[in-house]
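Presented below is the structure to which this report refers.
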Amino acid sequence: MPNALIQYMGYLIYFWGGDGSEPVHVHVSKSKQKNATKFWVTSEGIELANDTGSVDKKDMKAILAYLRANRESIIMSWVEFFGKAELKR
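Just so you know, the sequence shown maps onto residues 219 to 307 in the numbering used here.
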């Protein structure tokens, strides 16, 4: 089941309840869907994991900036939900 973190620019930013065995990441799309664009939260910042086209190219820069600015709160939400957080290096 997806856990919505926030809505930004009409996009949902969320993670799936079964994602806890992976490093911290979020999915971004207009609706909760399995093939959403995925971003890793790394020890250095935010990294695009896969671009499925669910984020318009014209919005990508703003989404990345938003995720970078909110990196710590994303990690805290992950820990609250899963109880632990591993960052991709």
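All C-beta atoms, glycine included, are put in the ideal place defined by N, C-alpha and C.
Taking all protein chains in view, the Cβ of ALA283 is surrounded by fewer than 16 other Cβ atoms within 10 Å, so the residue is classified as exposed. A distance below 8 Å between beta-carbons, with the five flanking residues on each side excluded, links ASP277 to the following residues of its chain, in chain order: MET227, TYR229. Rounded to whole angstroms, the Cβ separation of ALA254 and SER272 is 5 Å, and the two are in contact under 8 Å. When the beta-carbon positions are compared, LEU305 and SER247 stay at least 7 Å from each other.
With contacts defined as CB atoms closer than 7 Å, ARG289 and VAL259 qualify as a contacting pair. Note that the C-beta distance between ILE231 and VAL242 is not below 7 Å. In the three-state reduction of the DSSP assignment, LEU285 falls in the helix class, which pools H, G and I. Here ILE293 has VAL242, VAL259, ALA303 as same chain residues with Cβ atoms under 7 Å from its own Cβ, once five neighbours each way along the sequence are excluded.
For VAL242, the secondary structure class from DSSP, reduced to helix, strand or coil, is coil.
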